[in-house]
Structures are given as structure tokens and as C-alpha cells.
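Engineer: What follows is a structure written as C-alpha cells; I'll ask about it next.
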Amino acid sequence: MRTPTSRIRNFSIIAHIDHGKSTLADRLLERTGAVTERDMKEQLLDTMDLERERGITIKAQAVRLDYRASDELDYVLNLIDTPGHVDFSYEVSRSLAACEGAVLLVDASQGVQAQTLANAYLAIEAGLEIVPVLNKIDLPAAEPEARAAELAGILGCEPDDVIKVSAKTGAGVGELLERLVTDIPAPVGKADDPLRALVFDSYFDAYRGVVCSVRVMDGSLAQGDTAWFLATRNRHDVAEIGVLKPVATPVSELGPGESGYLITGVKEIDQIRVGDTITHPNHTDVEPLPGYDEPKPMVFSGLFPTDGDDFERLREALEKLRLNDASLSWEPESSKALGFGFRVGFLGLLHMEIVRERLEREYDLDLVATAPSVAYRVTLSDGTEIEVKSPQDLPDSADRINLSEPFVRAMIITPAEFTGPVMELMQKRRGELDGMHYLTPERVELTYHVPLAEIVFDFFDILKSRTRGYASFDYDPDGYREADLVRVDILLAGSPVDAFSTITHRDNAYRYGRSMAEKLRELIPRQMFEVAIQAAIGSRIIARETVRAVRKDVTAKCYGGDITRKKKLLARQKEGKKRMKMVGTVEVPQDAFVAALRVDADD
Amino acid sequence: MRTTEAPDSPAVFDRAADRKSAYVHIPFCARVCPYCDFAVVGDRTDEMDRYVQAVVGEIGRDEPLAPLDAVFVGGGTPSLLPVGALARILAALAERHGIVDDPEITMEANPEDWTVSRGAGYLEEGLTRVSFGVQSTDPRVLLALGRRHGPREVGVAVASARRAGVPSVSVDLIFGHPVETEASWRRTLDEVVELEPDHVSTYALTVERGTPLSRWVAEGSPAPDPDVQAARWEQAVEILGRAGYIRYEVSNHARPGHHCRYNLGAWAGAEYAAYGLGAHGHRDGIRFRNVRSLDAYLDRIEAGESPRQGSEEVRGWEAEVERLFTGIRVAAGVNGGRAVEAFLDSEDGRRLAGLGVIGLVEGRLVVRQPLFTDAVARDVLGLLEMSS
Ligand SMILES: Nc1nc2c(ncn2[C@@H]2O[C@H](COP(=O)(O)OP(=O)(O)OP(=O)(O)O)[C@@H](O)[C@H]2O)c(=O)[nH]1
Ligand SMILES: C[S@@+](CC[C@H](N)C(=O)[O-])C[C@H]1O[C@@H](n2cnc3c(N)ncnc32)[C@H](O)[C@@H]1O
Ligand SMILES: [Mg+2]
Chain A
567 MRTPTSRIRN FSIIAHIDHG KSTLADRLLE RTGAVTERDM KEQLLDTMDL ERERGITIKA
627 QAVRLDYRAS DELDYVLNLI DTPGHVDFSY EVSRSLAACE GAVLLVDASQ GVQAQTLANA
687 YLAIEAGLEI VPVLNKIDLP AAEPEARAAE LAGILGCEPD DVIKVSAKTG AGVGELLERL
747 VTDIPAPVGK ADDPLRALVF DSYFDAYRGV VCSVRVMDGS LAQGDTAWFL ATRNRHDVAE
807 IGVLKPVATP VSELGPGESG YLITGVKEID QIRVGDTITH PNHTDVEPLP GYDEPKPMVF
867 SGLFPTDGDD FERLREALEK LRLNDASLSW EPESSKALGF GFRVGFLGLL HMEIVRERLE
927 REYDLDLVAT APSVAYRVTL SDGTEIEVKS PQDLPDSADR INLSEPFVRA MIITPAEFTG
987 PVMELMQKRR GELDGMHYLT PERVELTYHV PLAEIVFDFF DILKSRTRGY ASFDYDPDGY
1047 READLVRVDI LLAGSPVDAF STITHRDNAY RYGRSMAEKL RELIPRQMFE VAIQAAIGSR
1107 IIARETVRAV RKDVTAKCYG GDITRKKKLL ARQKEGKKRM KMVGTVEVPQ DAFVAALRVD
1167 ADD
Chain B
-1 MRTTEAPDSP AVFDRAADRK SAYVHIPFCA RVCPYCDFAV VGDRTDEMDR YVQAVVGEIG
59 RDEPLAPLDA VFVGGGTPSL LPVGALARIL AALAERHGIV DDPEITMEAN PEDWTVSRGA
119 GYLEEGLTRV SFGVQSTDPR VLLALGRRHG PREVGVAVAS ARRAGVPSVS VDLIFGHPVE
179 TEASWRRTLD EVVELEPDHV STYALTVERG TPLSRWVAEG SPAPDPDVQA ARWEQAVEIL
239 GRAGYIRYEV SNHARPGHHC RYNLGAWAGA EYAAYGLGAH GHRDGIRFRN VRSLDAYLDR
299 IEAGESPRQG SEEVRGWEAE VERLFTGIRV AAGVNGGRAV EAFLDSEDGR RLAGLGVIGL
359 VEGRLVVRQP LFTDAVARDV LGLLEMSS
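Structural data, given as C-alpha cells:
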């Protein structure tokens, strides 16, 4: 039995990080009986190990709820829980494309934060109905009235329209369910129109091949149909369609307005693209759905297999992971120090960390990552323009006319009392104040033009510490500007190590070089010979440190003849050394390659 | 026949590979030293007779090997053995395996135990070599090591062993204790040279897990400094070298003709039988060990059971790699073979050669910087990942 569109509501829960989206989803699952009390656990939709370990949502997750409303009618609610961290806002925009409404959740103790605004704009641009909700009203620090006024002010609604809930106690959740039904428009698709379904996510299952998340806009997709993928121009038979309740439950048909999963059995990854439109083979001329913009990577880092033989496995792993993370992009890169690998683009540092961990865990790889860099634009002497994503590719100053760096427009929301410290920090970061705007008498939104490289690495931690954790921030690309940049190279035992080079503003170069050399001295273990560490700009050495040589690496005895024990001991030590990378004759621990991230260029 | 060949000569080492020997462990000590993690028993010397009986029983039940070139009675403190016990053990070994003419029969001894009459007795029973646990002649170091003898006992013991006519006298030294100084180590070496032993072992103090020493270090007492130990090792090689002792292994120095045949065999990958608790042996491609506790050992032997606690096969490629693994400790170096070739050809081997840590001398792989022997050994183990 197909659900009539009038009884379907599709919505995402969007919010600033940690405002309680996944916990609210728990309550909705519970109230609608999707999960029994026995199977309930906190943030049930955070299914990845990494999500549970870090307590944050990384992947948007869809689930279908059956709800009998107070009008005694049965409704289908398709909920998508989204991540709140700025690096994953691409997940949010993809989710919104499958919905007619969005629950905009705000922590009643913290109020509107930077990603609250960013996500609200995304929903408005996508033309969705916004249901404003204040969460955590059970907290003693909650200020529901003030926060409701703040939120209403931003959305242009009445404070009374803001629903107040506690995802912890469940208070207000009943009212929210009713409002989902009354406020969110039903989908408009017609059953007898030609099929158009949006692929809004996918992943690779080792047994079943590519599994797609689809939202049917028009027409319907049934078991046994043949699906035609418009962009990749492929046909595949439908092996299984179903809905997540949250347990995968096969259905015979997905009608207009419905969301679910689709398995065709295809194992060739390149045949499926997130954002593609599915139709039937007799309607290959339908208008494709808008799809998604390719997200623009913000930072780039080299990923190299520790074992050079794993290069191909790394490529395959990246391809498979892209099914589940459409924002990934990469190109091959070779480094004298690290061999063959890939320069991978990421949406931010957390994204970079997560991708690396997923590659290592889900694909059993051991990787070395190099310090992330932003992408610079260079005009060469002959007038051609190139993009430099890796410091090692920066042409000599003699060979270029112009070097410019990416800027962003950064939005910082902070309690007014911290305006001074924030402005001071932004000045140090070469920021240029663009605007200042009071959200409430106590809270200010500051906007800045600032180089991306200044805010994408350690900035957020420092911002937090200067505002006792109260500030939040978000940013959007804002073009390129010329800047006085230099490349700082690091030499080990006299030879430059490409993977350690960094591009930095000339004013910071000395401090950076010194502190990088010191950091490496701490990280590189003593070897059989003295290791000189130098930082240089061109041929000029700006800092020098040395790692003294080990003098003795031998045990006095063969353990009274216990050769087996000694062998095991040394074998274990050797195993430990495998986590090192040989750079020339120097053994360098893997985490030294991201040491630059921990270099404190501020003080 | 005692030869006068240099202890570091390739011929001596290569010959050792084919000789058979036996190790006999005597675990008893009057007091256990705080740095020691050998299989030792501190306060049960009254069980000595029962123990010797058990060892003789274990030998009697063993499969014959071949006439023994060397017997090493180690400890613990074998110098606690009553007169007659050594003879019983040697007789059992002779009966089971045979013993070559002019064998090396070594016993470890604590200086304070050694009396002229006791020495004469052991000599009578067949002893040809004694290894004294001298450790130091600096009273401060001896105290810190928890030894029961002083500098005086050292002189008396070594001199009386000499006078009694023990053919080969060796002295064990421990260096690098934090209370030792460069001057005190020099004095110890000078004083030992003065006593004219035939052989000197110099061991860097090692903090072994589970010992009182390691607990003290964990609680904040200073640990030996490896950089200082490296300097002291060089000091020893120099002073002993000038006095005519040739370093033939990382920690061992001897006058020509006085290398330890038993130890050279072990480093060369030779076979040796092993008896007593905690003893380790190597026979027929198998490395094995006995149970470490006195009660378990006695119970098993007296019940007619095997005292073996574990064993592993080391054959083929693994045996070749192991021969290189142990052989690189020896100054003579390891003669060619598949493992040597593979190592020299490996990435690790080439890097070490490039750094001058290893080299090929007349077809032998030699560690040119003995203080890096473990670094080389670790890389040698990398050969195990190759099929052959
Ligand atoms: N007191 C209280 N705590 C809440 C409430 N809702 C959520 N929390 C807590 O807030 C923290 C964050 O909750 P999550 O549900 O993981 O937040 P989220 O918005 O999904 O976070 P991201 O997915 O990482 O953006 C958890 O410790 C929750 O237990 C609430 O109503 N009251
Ligand atoms: C089995 S012990 C000899 C036992 C004998 N009872 C004695 O202490 O003289 C052999 C030698 O190993 C050395 N040794 C034992 N433990 C050591 C340690 N932790 N570090 C360095 N050398 C050690 C000592 O030089 C000792 O003489
Ligand atoms: Mg979440």
C-alpha cells in the first residue's frame, strides 16, 4: 500500500553542533514506536564507530517513522538527522534537497550560534518550511523566553511559534510531532508522472554492492523495475527497495514523496553518482533534478600509504569512500620523502581527520598524512595561472608574477564582553573587519575578511579559549587576494624534505621555522648519527636544531642463552619502528608530518 | 689442546659451530642481587643435594648428543656446590654424551665463596675454568649492586684460583651503575688487569623488568645512562686492549687461547644440551627451556616427567637468520651464506653498510660499531619476512 502524498512529511533536523539533534531524533523514534525501549540507546542514529567515539554526527542519517496524529490519521514522517559541525555542512545541504521542511533546533542555554544561522540560510535557500525549536529547556541555564525571542527575531516569526522541548526528558516532543504534521507541507509529486528520484546518499556494501538513498519526487519506483541513471547513463535492475525504520525493511514500491534505499547489485562504483536522478528507461528525456554543487575543498593534504605497495589499495579505498562522502576529491601526488600517494581535498580539519581515520579503519590501511595547506593561485611569468595545493609545487619567486591566497568571510558570534579579545585575535590573523551586528544586547555577530589559512588550522581552539568557549564561527569563500607569502622548507640531515614545506606569510616565517624545527627535534627519535634539522627560506637558513646521536643500542647479554626471548623482544621493537617512515637515512615518526599543525605561531 | 689462537679469529668461531656442549644450571644463591633476573632461588640451599640428584637424573634420562667439548655450570651461584657434586654431574654427562679430551669445564663462582681448599677440590673434580662474579672493585659500586664481597675478596679469590692452577680464570664486571664514575671504572679495570685473569667479561648494567632495581628506578632512583655506558664500554675496550685482552664479542675480552668455548658455540648456533631449572637448550633444530620454579622442577623430575616448559622449532631459513642474529655479536663476523647475502642485499643492510655500521671483511659480515649490534639485529630479523 502506497502512502498518499498528503500523509507524508519529509524533514531534516538542523542545528549548531551539539544542540541535540541526534538526541531529539531518539525521542521521535521512541514516541512513534520505531524503536522498542529495549533497543533504545543514546544517539541511536549515530551508527558509525567514529561517531559514537567522538559523540558527534558525521553522516546524515535518514529514518522513517509511522505516526498517528491527533486527527486520528496515520502519517509517514521521513526524518533526516544531520551533522552540526561546519565541515559537514555539505551533508546538510544534500539532506535538505530531499525534504520539504526543517526543524531548526537551538540550545536554550546557548542560543543562536554560527551554524544555526548558516544552516537556517541553507534551509531558506532550499525553500523549506522551518519549524523553530528550542531544546534543552530542562537545563538550569536555559533561558527559553530570551532565546525564543532571539530565534524569532532571526526567522521573522513570533516567539510563540517557537516550540520548547527537552530531548532529554521528552517534554514538548508531543507538540513537536503535531506541528511537523500541520506546519510542513506535504510533497507535491504525482504518482502518474514519469519517475524522478534523487540519489541523495550512497555507500558500498561488500556483499550487496552500492546501496543508494533515494527520494522519489515524481512517479514511483517498484520492485522489479529497471532504473535509468540520468547522469551516468546506466540502466540497472532494481534488486531491492526498502525503507529504514530504522531497520532496513523491503517494500514493493516507493511512491511520490517517499524516501528509501535502492539496491541494484551494481559493484562498479563509478556507475552511481550522488546527486544523480533516477527514472525509467522509457523516460530518459525527463528534466534532471537540480542535484548538488560539487563542494569546494578548503584544505589539501597528502595521504601516503606507509607501505608503498598499498598505493592501489588506497586509490580503491578513496573511490569507495567517495560513494559515502561525495565531497572527497583527490589527485595523485608524489613526494621524494613519502613516495606515491594522493593530494586530497577536505572541507576542513575535522573532515580531514575523519577521512583519514575512516580510510585506516574501514579499509585497513596505514597512512601518513602531511600538513594541510590551502590552495594558492599563482600567475607565472608567461601569464598562465596555476593553482598550488601543495607547498612543494610553489614556483620560485623569479618564475612568478603574482601569488595570491584564498580569503573567506568569517562570521563570529560571541558574547559582547569578548568583543575586544576576538578583535585582537582577528587582527593577528590578518583579518579585516567587515561588519558588527548585535543579535541581542549581549551577543554580537562580527564579520571579517580573513585569509583562509589563518582560520582553518588552529583558529577555532584559540577563539574558544579567548571567549571561554562561548564564541562560534562559520565561514564562506570570499575570493583571492595577493599576499607576501614565502615557502619555509625543512631540511633533515642537509636535504630538504618536500613533505615538510609550508607556505606562510613572510611576517610569520621566522617564528614558524623556529618553532617547527623545535617541534621536530622533540618528535624525531635519536638515531645512529646526529640529525641536523634546519628551516630555510630559499637558501637562507632561518633556524637550526640537532637531534643528538644514539651512542649505544646493544644489550649486554644474550639473556643467559635465552635467544628466543631476545628475538621476541627485538622483533617487538622492530614492529614499533614500522610506524616510522624512512626519509633518506632518517627515521621519522608518522605524526611528525602533521607537526606543523601543532606549531604555535601565535606566541 | 689449548691453542694460542686469537679469540677473535674467524677460524675459532667457525669451528665452534660444530662443537657440542652442555649447560647446567645451579639456581641457589646466598642472597639474590637486586639487578638479577636469572632463574635463582634465594634461601633454600638446604635443597642442594636433592637438586643435584635431580639434575643427575635429568641427564641420565636424556638422549645422547655427542661428546661434549664444553660444559658450563652457571647460576645462581654454582660455587655453593659442595665438594663432590661437580664430579657427579660431570660423570653423568660423560656417561650420557661422552666428554672430549681436554674439555672446557667452566663454573661460575662468587669471590667470597672461593677458598684454596674448595678450589683445589673443584679442580680435582675436573674444573678447567672459573668465572668470578667480581662486578667491580669499587666498594661504592659493590654496595650499590648489593654484593656480599669487597675488593679484598676479589684479589684473594683470583690469586688463589691462579695459584691452585685453574687453567683459565675469568672475571665478570658490571659497568655503568649511576654511582660509578669514569675514574672508578678505570680503577676497577686497572685493578682487574693487575690480577692477570685470562678473560674479562664487561656487562653494561641492565635494568631488567620485575627486579628490585627496576622498581627503584620506577620510584625515582637514577637509571643507568646509555650514553655514559657507551663511553664506559669504549674505555674498557681501550684499557683491556692495551693490557693484551682482545675483545671477541660485544662484552667479552680474552687473551689468546682463552675465549669461552661454550659461549662461542652458542653464538655460532651450535647445539647444546641443558639441565636444571630455567635452563635453555638447542638441539635437533629445536630451542627449548625448562620450568623456572624449583618445586615444579623437582616434582617433575622426581615423578619421572619431563621438565620442559616450552620449545620452538628453528629450522631452515629461520635457523640461518638466527645464526646471523647471534653471530653478529662476535667480532670475527659471520661467514657468508644465504642470510648474509640476503641481508647485504636488503634495504636495511645497504643502509647500515652506507652508515659504516656493518661491513664485509674477507667474505664475513662484521658489525663495525658493536654498540649498534641490536640495531643491526632488529633489521636482521626483518629477513624472517622473506620466504628464503
Ligand atoms: N540536558 C539536556 N541535554 C541534552 C538535551 N538534548 C541533548 N542533550 C545533550 O547534548 C549533547 C549533544 O547531543 P547530540 O544529540 O549528540 O547533539 P547533536 O546536535 O546531534 O550534535 P552533532 O550531531 O555533533 O552536531 C549530548 O550530551 C546530549 O545528551 C536536552 O534536552 N537536555
Ligand atoms: C649468571 S650471572 C653470575 C651469577 C653469580 N652468582 C654472580 O653474581 O657472580 C652472570 C653475570 O651476569 C652479569 N649480570 C647479571 N645480571 C646483570 C644485569 N642486570 N646487568 C648486567 N649484568 C648482569 C653479572 O656480571 C654476572 O656475573
Ligand atoms: Mg548528532
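Sequence order for the protein chains is A and B. End of the first sequence = 1169 in my numbering, gap-free, step of one. End of the second sequence = 386 in my numbering, gap-free, step of one. Positions of the beta carbon are idealized from the N, C-alpha and C atoms, including for glycine.
According to DSSP, B:Phe130 sits in a beta bridge with which residue or residues?
Structural biologist: DSSP lists B:Ala107 and B:Val169 as partners of B:Phe130.
Engineer: Any heavy atom of ligand 3 closer than 6 Å to the Cβ of A:Thr623?
Structural biologist: Yes - ligand 3 has a heavy atom lying nearer than 6 Å to the Cβ of A:Thr623.
Engineer: What distance in whole Å lies between the Cβ atoms of A:Gln681 and A:Val652, which are believed to be in contact at a cut-off of 8 Å?
Structural biologist: A:Val652 to A:Gln681, Cβ: 6 Å. Contact.
Engineer: Hey, quick one: how far does the beta strand (DSSP E) through A:Leu560 stretch, first residue to last?
Structural biologist: This structure cannot speak to residue 560 of chain A, because chain A is shown only from 567 to 1169.
Engineer: When the distance is taken between beta carbons, is B:Gly325 closer than 7 Å to B:Trp231?
Structural biologist: Contact: no.
Engineer: What residue range is occupied by the uninterrupted alpha helix (DSSP H) comprising B:Asp297?
Structural biologist: From DSSP, the alpha helix (DSSP H) with B:Asp297 extends over Leu292 to Glu300.
Engineer: Quick one: does the C-beta of A:Lys902 sit closer than 6 Å to a heavy atom of ligand 3?
Structural biologist: Result no, Cβ not under 6 Å from ligand 3.
Engineer: Identify the residues that DSSP records as bridge partners of A:Glu724: which are they?
Structural biologist: For A:Glu724, which the question treats as bridged, DSSP gives no partner whatsoever.
Engineer: At least one CB of chain A closer than 7 Å to the CB of B:Tyr201: is that the case?
Structural biologist: Output row for B:Tyr201: interface = yes.
Engineer: Say whether chain A places a C-beta atom closer than 7 Å to the C-beta of B:Asp60.
Structural biologist: It does not: the Cβ of B:Asp60 has no partner Cβ on chain A nearer than 7 Å.
Engineer: Evaluate A:His1003 with the Cβ neighbour count: other Cβ atoms within 10 Å of its Cβ, from every protein chain shown; 16 or more gives buried, anything less gives exposed.
Structural biologist: Burial call: exposed.
Engineer: Distance, Cα to Cα, A:Ala664 vs A:Leu855?
Structural biologist: Rounded to the nearest angstrom, the two C-alpha atoms are 11 Å apart.
Engineer: For A:Tyr997 and A:His1015, which I take to be in contact (beta-carbon distance under 8 Å), what is that distance rounded to the nearest angstrom?
Structural biologist: Note that residue 997 of chain A is Gly in the sequence shown, not Tyr. Going by Cβ atoms, the distance from A:Gly997 to A:His1015 rounds to 7 Å, so yes, they are a contact pair.
Engineer: Would you tell me roughly how many angstroms separate the C-alpha atoms of A:Gln1139 and A:Arg1145, rounded to the nearest one?
Structural biologist: Each residue's alpha carbon lies about 11 Å from the other.
Engineer: Whole-angstrom Cβ separation of A:Leu933 and A:Pro871, contact assumed at under 8 Å?
Structural biologist: About 6 Å; that satisfies the 8 Å criterion.
Engineer: Output yes if chain B places a C-beta closer than 7 Å to the C-beta of A:Leu1136; else output no.
Structural biologist: Closer than 7 Å to some Cβ of chain B, the Cβ of A:Leu1136 qualifies, so yes.
Engineer: I need the straight-line Cα distance from A:Asp875 to A:Ser659, nearest angstrom please.
Structural biologist: Distance between the alpha carbons of A:Asp875 and A:Ser659 is about 38 Å.
Engineer: Do you know how far the Cα of B:Ala268 is from the Cα of B:Ala85?
Structural biologist: Rounded to the nearest angstrom, the two C-alpha atoms are 25 Å apart.
Engineer: Alpha helix (DSSP H) containing A:Asn1074: first to last residue?
Structural biologist: A:Asn1074 -> alpha helix (DSSP H) spans Arg1072 to Leu1089.
Engineer: Which bits of chain B does A:Lys1140 rub up against, with CB to CB less than 8 Å?
Structural biologist: The answer, in chain order, is Arg376, Asp377, Leu379 and Gly380.
Engineer: By the criterion of Cβ-Cβ separation under 8 Å, what are the contact partners of B:Glu180 in chain A?
Structural biologist: Here the premise fails: no neighbours, minimum Cβ distance about 15 Å.
Engineer: I need the straight-line Cα distance from A:Ile835 to B:Thr209, nearest angstrom please.
Structural biologist: Whole-angstrom Cα-Cα distance: 58 Å.
Engineer: With distances taken Cα to Cα, identify the nearest neighbour of B:Ile24 among B:Glu178, B:Ala9, B:Glu194 and B:Gly40.
Structural biologist: The residue with the shortest Cα to Cα distance from B:Ile24 is B:Gly40.
Engineer: Give a yes or no on whether the minimum CB-CB distance between A:Arg1145 and chain B is below 7 Å.
Structural biologist: For A:Arg1145, the answer is no, since every Cβ of chain B falls outside 7 Å of its Cβ.
Engineer: Using a Cβ-based criterion (distance less than 6 Å to any ligand heavy atom), does A:Gly722 qualify as near ligand 1?
Structural biologist: A:Gly722 Cβ: outside cutoff for every heavy atom of ligand 1.
Engineer: List, in order along the chain, the chain B residues whose C-beta lies closer than 8 Å to that of A:Met606?
Structural biologist: By Cβ distance, chain B contributes nothing, its closest Cβ being about 46 Å from A:Met606, past 8 Å.
Engineer: Please confirm whether B:Arg285 has its beta-carbon closer than 7 Å to some beta-carbon of chain A.
Structural biologist: At least one chain A Cβ lies under 7 Å of B:Arg285.
Engineer: Does B:Pro5 get closer than 7 Å to chain A when you measure Cβ to Cβ?
Structural biologist: Closer than 7 Å: no.
Engineer: Start and end of the alpha helix (DSSP H) containing A:Pro856?
Structural biologist: Here A:Pro856 belongs to no alpha helix (DSSP H), and DSSP marks it neither H nor E.
Engineer: Determine the direct distance from the alpha carbon of A:Leu746 to that of A:Asp640, and round the result to whole angstroms.
Structural biologist: Their Cα atoms are separated by approximately 13 Å.
Engineer: Tell me, please, whether the CB atom of B:Gln51 is closer than 7 Å to any CB atom in chain A?
Structural biologist: Judged by the 7 Å Cβ criterion, B:Gln51 is not in contact with chain A.
Engineer: What are the residues of the segment 332 to 360 of chain B that lie near chain A, defined by any Cβ-Cβ distance shorter than 9 Å?
Structural biologist: The residues in question are Glu345, Arg349, Leu350, Gly352, Leu353 and Val355.
Engineer: Let me know the beta strand (DSSP E) ranges lying completely inside the segment 58 to 129 of chain B, each 3 residues or longer, listed in chain order.
Structural biologist: The segment 58 to 129 of chain B contains these whole beta strand (DSSP E) runs: 66 to 73 and 97 to 107.
Engineer: Helix or strand or just coil, what does DSSP make of B:Thr43?
Structural biologist: In the structure shown, B:Thr43 sits in a helix (DSSP, three-state: H, G or I).
Engineer: In chain order, what residues of the segment 231 to 245 of chain B put their CB closer than 8 Å to some CB of chain A?
Structural biologist: Hits within the stretch, in order: Trp231.
Engineer: Tell me the rounded alpha-carbon separation between A:Ile978 and A:Ala737.
Structural biologist: Their backbone Cα atoms lie some 32 Å apart in a straight line.
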